[in-house]
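> Please find one structure pasted underneath; my questions will follow.
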Amino acid sequence: MVTFLQLLVRSLETSSIYALAAMGIILIFRTSRILNFAQGTIGMFCTYIATFLFWSWGFPVYLAAAGAIVAALLLGALIDVVALRHADGLSPISKQIVSLGILMILLGITPILFGIELLSFPRFIPQGSIEMGGVSLSYNGLLNIMIGLVVAVALFFMLQKSKLGLAIRTTASNEQIAQMLGVPIKNVTMFSWAAAGALGCMAGIMIVPSTTVTLTLMDSVHVFALMACVLGGFQTFHGPVIAAYIIGITRNILLFYVSSVWGEQILFLMIFAFVAIRPHGLVGRATVKKV
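When the letters of the sequence shown are read in order and numbered with the working numbering, they come out as residues 1 to 291.
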């Protein structure tokens, strides 16, 4: 039982990282109507910025992270203004190809700007842990869990209680009607891209202490975030976040108790089987068009 609880607690940390990445993907999908394949790459690029600020400019770890998040906000807004606004006349599939182009550009310029050496980024809280009933959780892990939960709650509160949230929900519901109601669509999409960039950056900074800063840093996170959107449903903002925690916990349980080799593949098969039965996702709703 203690082993299971330890596994569950550790899973919450990785689930929070998946949830942040999934929030960025669903925010762009609901407002810009595209599936952003560059979400993970944007997070990777901004994690390199944090690492550069820390090692090259001597920034404290918190300031380096804050600087990278500001850079992510600017990068997301820049991508929307420079690339996506000029693609308004394109089909959704063509816009997704644009996001693939952004992915390739960032992958190309990252080693040019930051080099090809393996880099590292420290934990925010390097030492210390909490122990309760035989279950141990590091202070840094607890911080990551709290960041994921606080950001998710803050985002949902903003969506439900603020004028900006109302504009986002209106745009997500029907862009044409939102324009007729005077909603500033361009500002909404720019905010969504900026926020998604910051969310991806936060996910990268949270996961990087357990690995190294490389071009493939966010690949697995991006895949699991996409799976969370599929499992949770693309029709809601909260569905992918719930699914991210389900995926993070289930993945670790399968890897530990079933197979360390085939655990992830079994998880993907389970998700595909669930989607085959319920195509609109865990909490999504089937779209009904009236003629």
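Where a beta carbon is used, it is the ideal one built from N, C-alpha and C, also for glycine.
Any idea which residues DSSP pairs L137 with across the strands?
On the sequence shown, position 137 is the one that residue 137 refers to. L137 pairs with I130.
> So who's on the other strand from V213, going by DSSP bridges?
Looking up residue 213 in the sequence shown gives position 213. Paired residues: L119.
> By the three-class DSSP mapping on this structure, what secondary structure does D88 have?
Counting from 1 along the sequence shown, the entry for residue 88 is found at position 88. D88 falls in the coil class under three-state DSSP.
> What are the start and end residues of the alpha helix (DSSP H) that includes A83?
By 1-based counting over the sequence shown, the position of residue 83 is 83. Where A83 is concerned, there is no enclosing alpha helix (DSSP H), given that its DSSP letter is neither H nor E.
> Go ahead and label M202 buried or exposed: buried means 16 or more other beta carbons lie within 10 angstroms of its beta carbon, across all protein chains shown.
Counting from one through the sequence shown, the residue named residue 202 turns up at place 202. Classification of M202: buried, given that the 10 Å Cβ count is 16 or more.
> So, helix, strand or coil for I125, using DSSP?
Translated into the one-based positions of the sequence shown, residue 125 becomes position 125. Reduced to three states, the DSSP call for I125 is coil.
> Below 8 Å, how does it come out for the segment 106 to 120 and the segment 222 to 234: are there three or more Cβ pairs, yes or no?
Taking 8 Å as the limit for Cβ pairs, the verdict is that the segment 222 to 234 does not touch the segment 106 to 120.
> Closest to G232 by CA distance: which of G165, I246, G76, D219 is it?
Counting from 1 along the sequence shown, the entry for residue 232 is found at position 232. Measuring from the Cα of G232, the nearest candidate turns out to be I246.
> Check for me: the alpha helix (DSSP H) holding Q202 runs from which residue to which?
Numbered from its first residue, the sequence shown carries residue 202 at position 202. Going by the sequence as given, residue 202 is Met instead of Gln. M202 -> alpha helix (DSSP H) spans 185 to 207.
> Tell me which same chain residues have a C-beta within less than 7 Å of the C-beta of R33, skipping the five on either side of it?
Numbered from its first residue, the sequence shown carries residue 33 at position 33. For R33, where only same-chain residues beyond five positions count, the Cβ hits under 7 Å are P92.
> How many angstroms separate the CA atom of L143 from the CA atom of M206?
Translated into positions along the sequence shown, residue 143 becomes position 143. Translated into positions along the sequence shown, residue 206 becomes position 206. L143 and M206: Cα-Cα distance of roughly 9 Å.
> Can you tell me where the alpha helix (DSSP H) with H222 in it begins and where it stops?
As a first step, residue 222 is located in the sequence shown; it is residue number 222 there, counting from the start. Segment 219 to 232, the alpha helix (DSSP H) holding H222.
> Do L100 and A38 count as a contact pair if the criterion is CB distance below 9 Å?
On the sequence shown, position 38 is the one that residue 38 refers to. On the sequence shown, position 100 is the one that residue 100 refers to. Yes. Within cutoff.
> Looking only at its own chain, which residues have a Cβ that is under 6 Å from the Cβ of A68, when we skip the five neighbours before and after it?
Residue numbering aside, residue 68 sits at position 68 when the sequence shown is read from its first letter. Only C46, I49, A50, C201 meet the Cβ criterion.
> Are the Cβ atoms of A195 and F237 separated by less than 9 Å?
Here residue 195 corresponds to residue number 195 of the sequence shown, with the count starting at 1. Here residue 237 corresponds to residue number 237 of the sequence shown, with the count starting at 1. It is not a contact, given that the beta carbons lie outside the stated cut-off.
> Given this structure, state the Cα-to-Cα distance separating I277 from I271, to the nearest angstrom.
Mapped onto the sequence shown, residue 277 falls at position 277. Mapped onto the sequence shown, residue 271 falls at position 271. Rounded to the nearest angstrom, the two C-alpha atoms are 10 Å apart.
> By the three-class DSSP mapping on this structure, what secondary structure does G182 have?
Here residue 182 corresponds to residue number 182 of the sequence shown, with the count starting at 1. G182 falls in the coil class under three-state DSSP.
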